[in-house]
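> Following our numbering from start to finish, the sequence shown increments by one per residue and tops out at 366.
The beta carbon of each residue, even a glycine, is placed where N, CA and C say it ideally should be.
Owing to the predicted nature of the structure, the values given are computational and were not obtained by experimental measurement.
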Amino acid sequence: MKSVQELVNPKKVNLLDFDRKGLAAFFVGLGEKPFRATQLMKWIYQENVYDFDAMSNISKSLRAYLTENCVIATPEIAVEQIASDGTIKWAMQTHCGNRIESVFIPEEGRNTLCISSQIGCALACTFCSTAQQGFNRNLVTSEIIGQLFVAQNRVGKDNRITNVVMMGMGEPLLNFDNVVASVNLMMDDFAYGLSKRRVTISTSGVVPAMDRLTQVCDVSLAVSLHAVRDELRDEIVPINKKYPLNVLMEACRENAKIAPRRFITFEYVMLDGINDTMEDIKGLIKLLKTVPCKLNLIPFNPFPNSPYNCSSKETILKFKTLLNDAGIITTVRKTRGEDIDAACGQLVGQVADKSRRHLKLQNMA
Ligand code: SAH
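Okay, here's the thing in C-alpha cells:
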C-alpha cells in the first residue's frame, strides 16, 4: 500500500476515488475497455492486492501505466482505542494533516462501522460535539471508502463488516457526489457487496439533496428529527430555518416510496427538559403518522461543556412505550463505546483549520 504522502502528489490518480462507473470512464479515457474497472475492483476490494504488477489479468503495458500514474491510498490509523464493550474507535490521519474518526461496533450477528463524511461539520447542531469543531473540508471518495477499507483490513475476515452507517463526523448530504460514489462502492458486488438495507446515510435534513438522493441511489436513509416544533428545531438543528418541518416531511414521504425498506428511520436525541415532554410525544405521533417510518430514540451523550443533560431513563421508556402503543415502531439506541468517547455526537477528530465554517454555510445546498 502506498503511503499517505503519495496522495500529496497531485499527479497520481487515486483509484479509490472512483466508483465502478467512474473507474470505467477512467479506463475508457485511457483507450481501455470498461471491464477493466471490475477487474481492478476485484483485485483491490476482494483480493486485497495493491501492487499493480501482481494483477495478472491486466496487460503488461497497462500495469506499467498504473504503476507510473496511479496509487491506491487511504487514510492511515493514527490512534486506536478499544472500549470495554468491544467497540473500537480509530482516529485516521488524512494527507492534509487532519484526523477523522470511525467506529467499529460489534454486535450479535452483525458488525457495524460508523464512518465520517467531512472533516468537522458546517452545521451547528447545539447538542453535537462535532459541531464545536468547525468545518474544514469535504472528504474525497478515497477517504470515505478508505475508512471501510482500513477498518475491514484491521479487524480481519473473521469480523466481516456487515453494516455501514454514515453517522460519524459531518453532514453526508453536503458532500453529495463523494458520498454517493462511496455508498455505490459499498453496495457494489465487485467491491463490498453490502445490502442496500445495511448501508445508511444519516442527514440533518438537507432537503434538496434528499430529493436528489431519492433519484440516484436507493440507500437507506435516517433523518435527524430531534424536535417536532419548528421553533425548537430552528434552535437545536439550525438547518431547519432553511428547510422547515413541513418541507422535510414531504421529502421524507417521497424518499420512503423508493427506500430499500420502504420506510425512513427518524433519530430523536433525548434532551432533558428540552424535547422530552408529553407535548413532544403527542407532536411526534401526529407528525410521524404521515410517513412510513421507524423511530430511534438516542440517549444524549454529553461532551465537555455541553449545555444539555440526557433525559431520565423513565422518560425515555415512557416515550418508547407511548409511541409504540400509538403504532410507531420505536427503539432506543444502545450507547456503545462510552468509555472511549465513541458514542453518537462525540466524534471530534482533529480539525486544524476551523475557519471555513462560515464559507461553507453560505454555499449550503
Ligand atoms: N450529520 C448527520 C450525521 C451525523 S450524527 C446527521 O445529522 O444526521 C449521527 C446522529 O447522532 C444524528 O442523529 C445526530 O443528531 C446524533 N447526535 C449528535 N450529537 C449527539 C449527542 N451528543 N448525543 C446523541 N446523539 C447525537
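For the beta strand (DSSP E) containing C115, list its first residue and its last residue.
111 to 115
> When the Cα atoms are used, what is the spatial distance from V14 to E69?
Taking the CA atoms as reference points, V14 sits about 10 angstroms from E69.
> Measure the alpha-carbon distance for D219 versus E108 and round it to whole angstroms.
25 angstroms
> Look up E33 in the DSSP assignment and say whether it is helix, strand or coil.
DSSP places E33 in coil when its eight states are reduced to three.
> Among the residues of its own chain, which have a CB less than 8 angstroms from the CB of A210, if the five just before and after it don't count?
L174, L175, F177, T204, A366
> Less than 8 angstroms between CB atoms is the rule here; does N49 satisfy it with respect to chain B?
Among the chains of the structure shown, chain B does not appear; only one protein chain is present.
> Between V270 and F301, what straight-line distance do the alpha-carbon atoms span, to the nearest angstrom?
6 angstroms
> Evaluate the contact criterion for the segment 97 to 112 versus the segment 31 to 46: three or more CB pairs, one atom per stretch, below 8 angstroms.
The segment 97 to 112 vs the segment 31 to 46: no contact.
> Report the residue ranges of all beta strand (DSSP E) runs contained in full by the segment 87 to 167; include only those spanning at least 3 residues, in chain order.
89 to 94, 100 to 108, 111 to 115, 119 to 121, 136 to 139, 164 to 167
> Measuring CB to CB, does G147 end up less than 8 angstroms from T201?
no
> Just how far apart, CA to CA, sit Q133 and A65?
46 angstroms
> According to DSSP, which residues form a beta bridge with A223?
Paired residue(s): S203, T266.
> Pick out the complete alpha helix (DSSP H) segments inside the segment 277 to 330, 4 residues or longer, and give them in chain order.
279 to 289, 314 to 326
> Give the secondary structure of L362 by DSSP, where H, G and I count as helix, E and B as strand, and everything else as coil.
Residue placement at L362 cannot be trusted, given a pLDDT of 30 that sits under 50; what the coordinates show is reported in the next sentence. L362 falls in the helix class under three-state DSSP.
> Is the beta carbon of E108 within less than 7 angstroms of some heavy atom of ligand 1?
no
> So, D273 versus N297, is the Cβ gap smaller than 8 angstroms?
No, these two residues do not count as a Cβ contact at 8 angstroms.
> So does the segment 17 to 24 actually touch the segment 184 to 198, counting three or more Cβ pairs closer than 8 angstroms?
yes
> Nearest-angstrom Cα distance between P308 and F128?
7 angstroms
> Take L16 and list the residues in its own chain whose beta-carbon comes closer than 6 angstroms to its own, dropping the five residues that flank it on each side.
C71, I73
> Taking all protein chains shown into account, do 16 or more other C-beta atoms lie within 10 angstroms of the C-beta of K283, making it buried, or fewer, making it exposed?
exposed
> Give a yes or no on whether the C-beta atoms belonging to A125 and P239 are separated by under 8 angstroms.
Yes. Within cutoff.
> Would the beta-carbon of N70 be found less than 7 angstroms away from any heavy atom of ligand 1?
N70 has its CB no nearer than 7 angstroms to any heavy atom of ligand 1.
> Label I237 either buried or exposed according to how many other C-beta atoms from any shown protein chain fall within 10 Å of its C-beta, with 16 as the threshold for buried.
buried
> Nearest to L1 by CA position, among L222, N58, S117, is which residue?
The question about residue 1 has no answer here: the residues shown for the chain are numbered 2 through 366.
> For I162 versus L222, is the C-beta distance shorter than 8 angstroms?
no
> My output table needs one value for L195: the three-state DSSP class, helix, strand or coil.
coil
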